[in-house]
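With my numbering, the residue at position 60 of the sequence shown is 65, and numbering never jumps.
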Amino acid sequence: MTEHTPTPALVTEHPERIPGYTYGTAQAAVSPLTLEDLDRLKAAVWLTADDEEALREAAEILADQADDMVTAYRARLGLQPWLGGYSGHPDGTPNPGYGAATKPRFDRWIIDACTRPLDRDWLNYQHEIGLRHTRARKNTTDHADSLDHIPMRYLLAFTAVVIATAPTYLAAKGASAEHVRRMHSAFTKSVMLHVTVWTRPYVDAANW
Ligand code: HEM
């Protein structure tokens with residue numbers, strides 16, 4: 006393992022050691038959303054208590070695959086030259102230092118998306134992640150030389166990749182087809198809830 010490749014234990018047990026990961030701290034942004042907004046969105050994506058249980062089960066299966074999942078997402082992004090400047094240098098040439106700096110946080114998000122309680126800390130860190138895709142905060146955490154804003158259309162479109170590729174990983178430890186279906190349904194709802202909240206910094210309150 007290099008210092009840039011988190012071990013499964015780091016992914017699951019010591020998130021506070023991940024540079025730039027400010028979940029639950031005063032350094033994270035303050036979300037303008039209320040807990041009532043969150044409850045209503047949770048109902049809108051139809052995230053049930055059964056889904057929350059299935060997500061905990063998914064976390065066990067995904068914990069040591071999260072780094073591979075993010076590698077696969079990035080490979081998919083890398084096939085599209087028009088996206089190169091957002092993760093690379095502004096001219097689209099590779100920026101491995103930036104990729105290495107952000108990867109442990111992205112890995113950790115997969116586990117968080119399955120395990121974190123939906124509370125004020127969750128709202129705040131999701132707002133922070135949204136901001137980090139926009140010119141408000143992109144590049145600032147890692148002092149990166151990269152384009153300063155990911156268009157919302159790509160953030161939304163890429164959600165399909167995150168959702169559609171999940172069953173392979175959920176099935177990797179021998180879960181039954183029905184169990185994979187249940188975890189995938191829950192994961193789909195969780196990813197949609199996250200990305201929906203991430204769009205808040207892109208849009209004024211009245212339109213959002
Ligand atoms: C559903 C779609 C997406 C998901 C789930 C996702 C997830 C994440 C997560 C979890 C982080 C780390 C946030 C943190 O600092 O804790 C992150 C950061 C980042 N993402 Fe995404 N992302 C998505 C779409 C995209 C797209 C389409 C691109 C590029 C075209 C992209 C490029 C980046 C970059 C460059 C960063 C680092 C931002 C910074 O400078 O702090 N993401 N993303």
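We put the CB at the ideal spot given by N, CA and C, even for glycine. The structure presented is a predicted model; accordingly, all values stated were derived computationally and were not measured.
If you measure between the beta carbons of residue i and residue j, is that distance less than 8 Å?
i, j, result
"T139", "I168", "no"
"H199", "P172", "no"
"R1", "G102", "The structure shown does not extend to residue 1, since the chain is modelled only from 6 to 213, so the question has no answer here."
"R205", "H132", "yes"
"I115", "L67", "yes"
Between the alpha carbons of residue i and residue j, how many angstroms are there, rounded?
i, j, result
"S92", "L161", "16 Å"
"A210", "K178", "43 Å"
"L38", "K47", "13 Å"
"T76", "V196", "18 Å"
"G83", "H94", "13 Å"
"V202", "N144", "20 Å"
"E65", "V185", "13 Å"
"G90", "A118", "27 Å"
"A176", "E57", "18 Å"
"D73", "V35", "31 Å"
"P156", "F163", "11 Å"
"L123", "R158", "25 Å"
"P20", "R113", "7 Å"
"D69", "I23", "16 Å"
"A121", "W127", "Note on residue identity: the sequence assigns Arg, not Ala, to residue 121. Roughly 7 Å between the two C-alpha positions."
Please report the residue range of the alpha helix (DSSP H) in which residue i lies.
i, result
"Q131", "125–137"
"R81", "71–83"
"E183", "182–203"
"K178", "Taken as a continuous stretch (DSSP letters only), K178 belongs to no alpha helix (DSSP H), as it is neither H nor E."
"T30", "Premise fails: T30 is in no alpha helix (DSSP H) and is neither H nor E."
Given residue i, which residues of its chain have a CB within under 7 Å of its CB, disregarding the five upstream and five downstream residues?
i, result
"E62", "M188"
"H154", "T139, R140, K143"
Between which residues of its own chain and residue i is the CB-CB distance below 8 Å, once the five residues before and five after are set aside?
i, result
"T27", "A33, Y130, E133"
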